[in-house]
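Q: First the structure, which I've put down as structure tokens, then a few questions once you've had a look.
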Amino acid sequence: MDKIQKLAIGSIFVGTVVFVLKYAAYYITGSIALYSDALESIINVVTAVAAFMAVRLSAAPPDANHPYGHHKVEYFSAVLEGVLIIVAALAILREAYFGLLSPRVIDAPMHGLAINAVAGIVNAVWSWALIRHGRRLRSPALVADGRHLLTDVVTSAVVIVGLLLVPLTGWTWLDSALAAMVAVNILWSGWGLIKESIGGLMDEALPEATLVRVREIISANADGALEAHDLRTRHAGRMTFIDFHLVVPGAMSVTEAHDICDRLERALKADVEDALITIHVEPDNKAKHAGIVVL
246 MDKIQKLAIG
256 SIFVGTVVFV
266 LKYAAYYITG
276 SIALYSDALE
286 SIINVVTAVA
296 AFMAVRLSAA
306 PPDANHPYGH
316 HKVEYFSAVL
326 EGVLIIVAAL
336 AILREAYFGL
346 LSPRVIDAPM
356 HGLAINAVAG
366 IVNAVWSWAL
376 IRHGRRLRSP
386 ALVADGRHLL
396 TDVVTSAVVI
406 VGLLLVPLTG
416 WTWLDSALAA
426 MVAVNILWSG
436 WGLIKESIGG
446 LMDEALPEAT
456 LVRVREIISA
466 NADGALEAHD
476 LRTRHAGRMT
486 FIDFHLVVPG
496 AMSVTEAHDI
506 CDRLERALKA
516 DVEDALITIH
526 VEPDNKAKHA
536 GIVVL
């Protein structure tokens with residue numbers, strides 16, 4: 246089991262602990278805002294399970310039906326998480342609506358808020374760990390899970406501050422209003438996750454800064470070739486796919502051309518982690534004089 250899978254299992258455990266704490270806070274107080282926070286934690290557990298399944302599947306080696314691997318499955322997990330976040334937000338909005346119609350006094354607010362604060366701290370530490378390691382390991386599922394938890398941390402902080410005002414002001418409707426604000430924030434987070442994950446499924450190119458670096462590496466390490474053109478790149482989970490055409494002198498031997506390709510692959514893989522590189526070698530009459538100039 247690799248580190249990504251271990252982190253995904255950790256998310257299931259942490260999500261379960263946080264849900265128990267937040268539900269206890271809601272049970273003690275009866276607060277709709279704390280109920281909304283607890284409901285989001287249920288989604289955290291479900292999506293953590295989905296993320297674990299996704300990273301396990303994405304780690305499977307290529308097979309006859311999936312010769313390029315299973316890396317994109319992590320994007321499906323992130324899309325699912327976004328959809329579930331939106332569903333949770335709509336459920337919270339429903340509770341907030343009925344709460345505004347019939348506001349009620351919150352029971353034992355300080356005890357509930359203290360428990361919720363502990364849950365928020367646990368979430369903050371774990372979300373930081375997921376985003377940090379997810380980016381380093383280039384796992385969309387872990388990064389999506391971490392960002393969702395970070396939204397949950399912000400939500401919890403807003404709820405705690407807002408509910409502290411209820412006993413001071415006597416505004417019982419503030420509980421439901423906070424729940425509605427939480428729902429809107431969750432909706433925005435869910436949409437962001439779906440949008441980013443769909444971009445990955447649509448084979449978006451590498452960021453421009455990375456593309457510039459790739460061109461520089463090709464130019465600096467293709468000594469003996471004439472030019473490179475038709476550069477294409479895309480992401481698929483942790484994998485980065487790079488392919489281009491390399492023009493060499495027509496009289497160059499296959500061995501010499503192969504040596505240049507090996508040198509280019511080593512240089513690119515040293516700079517771009519988990520890169521799968523495909524180079525199509527062409528003779529000089531195929532030069533377009535509009536690609537990457539070899540230095």
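Using this note's numbering, count along the sequence shown one by one with no gaps and you end on 540. Each residue gets a CB set at the ideal place from its N, CA and C atoms; glycine is no exception.
#1: Between the region 292 to 308 and the region 246 to 264, do at least 3 Cβ pairs fall closer than 8 Å?
#2: Counting along the chain, where does the alpha helix (DSSP H) carrying residue 285 start and finish?
#3: Have a look at the DSSP bridge pairing and note the partners of residue 465.
#4: Tell me the rounded alpha-carbon separation between residue 427 and residue 281.
#5: I think residue 334 touches residue 439, with their Cβ atoms under 8 Å apart; what is that distance to the nearest whole Å?
#6: Nearest-angstrom Cα distance between residue 474 and residue 499?
#7: Tell me whether residue 535 sits in a helix, a strand or coil according to DSSP, three-state version.
#8: Would you say the region 446 to 456 touches the region 370 to 380, given that touching needs at least three Cβ pairs under 8 Å?
#9: Residues bridged to residue 547 by DSSP?
#10: Tell me the rounded alpha-carbon separation between residue 508 and residue 459.
#11: Just curious, the beta strand (DSSP E) that residue 474 is in, first and last residue?
#12: Is it the case that the region 268 to 280 contacts the region 353 to 365, given that we only count it when at least three CB pairs across the two stretches are under 8 Å?
#13: In the structure shown, what three-state DSSP assignment does residue 385 receive?
#14: Going by C-alpha distance, which of 307, 405, 381, 502 is nearest residue 521?
#15: Residue 491 bridges to which residues according to DSSP?
#16: Please report the straight-line C-alpha distance between residue 532 and residue 305, rounded to a whole angstrom.
#17: Is the beta carbon of residue 423 closer than 8 Å to that of residue 399?
#18: With a threshold of 16 other CB atoms inside 10 Å of the CB of residue 535, please say whether the residue is buried or exposed.
#19: Tell me the rounded alpha-carbon separation between residue 471 and residue 495.
#20: Excluding five sequence neighbours on each side, which residues of the same chain lie with their C-beta closer than 6 Å to the C-beta of residue 477?
#21: Below 8 Å on the Cβ atoms is my contact criterion, and I expect residue 277 with residue 340 to pass it. Report the Cβ-Cβ distance as a whole number of Å.
A: Answer, in terms of the structure:
#1: Put simply, the region 292 to 308 touches the region 246 to 264. At least three CB pairs are less than 8 Å apart.
#2: Counted from its first residue, the sequence shown places residue 285 at position 40. Per DSSP, residue 285 belongs to the alpha helix (DSSP H) from 277 to 303.
#3: In the sequence shown, residue 465 corresponds to position 220, counting from 1. Beta-bridge pairing links residue 465 to no other residue.
#4: On the sequence shown, position 182 is the one that residue 427 refers to. On the sequence shown, position 36 is the one that residue 281 refers to. Rounded to whole angstroms, residue 427 to residue 281 spans 7 Å at the Cα level.
#5: As a first step, residue 334 is located in the sequence shown; it is residue number 89 there, counting from the start. As a first step, residue 439 is located in the sequence shown; it is residue number 194 there, counting from the start. Wrong, their Cβ atoms sit about 13 Å apart, outside the cutoff.
#6: Residue 474 sits at position 229 when you count from the first residue of the sequence shown. Residue 499 sits at position 254 when you count from the first residue of the sequence shown. If I take the Cα positions, the gap works out to 19 Å.
#7: Taking the first residue of the sequence shown as position 1, residue 535 is located at position 290. Reduced to three states, the DSSP call for residue 535 is coil.
#8: no
#9: Within the shown structure, residues of the chain are numbered from 246 to 540, placing residue 547 beyond reach of any answer.
#10: Position 263 of the sequence shown, counted from the first residue, corresponds to residue 508. Position 214 of the sequence shown, counted from the first residue, corresponds to residue 459. Approximately 14 Å between the Cα atoms of the pair.
#11: What you label residue 474 is simply residue 229 of the sequence shown in a count that begins at 1. Element bounds for residue 474: 472 to 481.
#12: yes
#13: Indexing the sequence shown from 1 puts residue 385 at position 140. Helix, per DSSP.
#14: By 1-based counting over the sequence shown, the position of residue 521 is 276. Taking only the C-alpha atoms, the option nearest residue 521 is 307.
#15: Stepping through the sequence shown from its first residue, residue 491 is reached at position 246. Residue 491 is bridged to 473, 526.
#16: Within the sequence shown, the letter at position 287 stands for residue 532. Within the sequence shown, the letter at position 60 stands for residue 305. Cα to Cα, the separation comes out at about 39 Å.
#17: Taking the sequence shown and counting its residues from 1, the one referred to as residue 399 is at position 154. Taking the sequence shown and counting its residues from 1, the one referred to as residue 423 is at position 178. Remark: C-beta atoms of residue 399 and residue 423 do not approach each other more closely than 8 Å.
#18: Position 290 of the sequence shown, counted from the first residue, corresponds to residue 535. Label assigned to residue 535: exposed.
#19: Counting from one through the sequence shown, the residue named residue 471 turns up at place 226. Counting from one through the sequence shown, the residue named residue 495 turns up at place 250. About 10 Å.
#20: What you label residue 477 is simply residue 232 of the sequence shown in a count that begins at 1. Counting only Cβ-Cβ distances below 6 Å, and skipping sequence neighbours, we find 488.
#21: The sequence position of residue 277 within the sequence shown is 32, counting from 1. The sequence position of residue 340 within the sequence shown is 95, counting from 1. Indeed they touch by this definition, with Cβ atoms about 5 Å apart.
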